[in-house]
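Engineer:
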Amino acid sequence: MSELTELYQEILLDHYRRPRNFGPLEDADREIDGHNPLCGDRVTLRLRLAGDRVEEARFEGSGCAISTASASMMTEAVKGKSVAEAVELGERFRSRLTGGQRSDADDDLGDLLALDGVRGFPMRVKCATLAWHALREALSGSVKPVSTE
Ligand code: ZN
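Numbers given in our numbering equal positions in the sequence shown, counted from 1, plus 124.
Take a look at the structure:
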């Protein structure tokens, strides 16, 4: 295992064991449930918006290490961003995991790069992108539950 892989493994496990922004959110403007039936991951994402900005993002649910860590990282990454920036980040993250494009411009993904390990494992990609599907739908104003299937 390379040093980088080990580092990523540690970041991932840290977010799994101590998920950031985990718990209910008072005064949420958006709430959406996500489900990944293949793995059994469930996430409820809640957002509070201030104008065009994501002021607060929190989640609850239960799932595997990858889905939990990804939701934790996602809430950290989008907090403070504009809705457009958050949507753009989600698109970039998903295409990085599924489309095979990687660029230096992605360096700003920070901890999210720790999820690179799921590339090439479609089942795991669903775990990693579940919270992001929920984010996209929540930001679009939808209240329908999302599924990775
Ligand atoms: Zn999973």
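We put the beta carbon where it would ideally sit given N, CA and C, even for glycine.
The structure presented is a predicted model; accordingly, all values stated were derived computationally and were not measured.
Quick one: grab the DSSP three-state call for Glu273.
Structural biologist: coil
Engineer: According to DSSP, is Phe183 part of a helix, a strand, or is it coil?
Structural biologist: strand
Engineer: Leu136: which of Asp235, Thr272, Trp256, Arg177 sits nearest, CA to CA?
Structural biologist: Asp235
Engineer: Say the cut is 6 Å; is the CB of Gly187 nearer than that to a heavy atom of the ligand ZN?
Structural biologist: True, at least one ligand heavy atom lies under 6 Å from that Cβ.
Engineer: Which residues mark the beginning and the end of the beta strand (DSSP E) in which Ala238 is found?
Structural biologist: Looking at the DSSP string, Ala238 is not in any beta strand (DSSP E), and its letter there is neither H nor E.
Engineer: Give the secondary structure of Glu155 by DSSP, where H, G and I count as helix, E and B as strand, and everything else as coil.
Structural biologist: Secondary structure at Glu155: strand, using DSSP grouped into helix, strand and coil.
Engineer: Take the Cβ of Met247 as the centre, count every other Cβ of all protein chains shown within 10 Å, and call the residue buried at 16 or more, exposed below.
Structural biologist: exposed
Engineer: Please state whether DSSP places Ser206 in a helix, a strand or coil.
Structural biologist: Ser206: strand per DSSP, three-state reduction.
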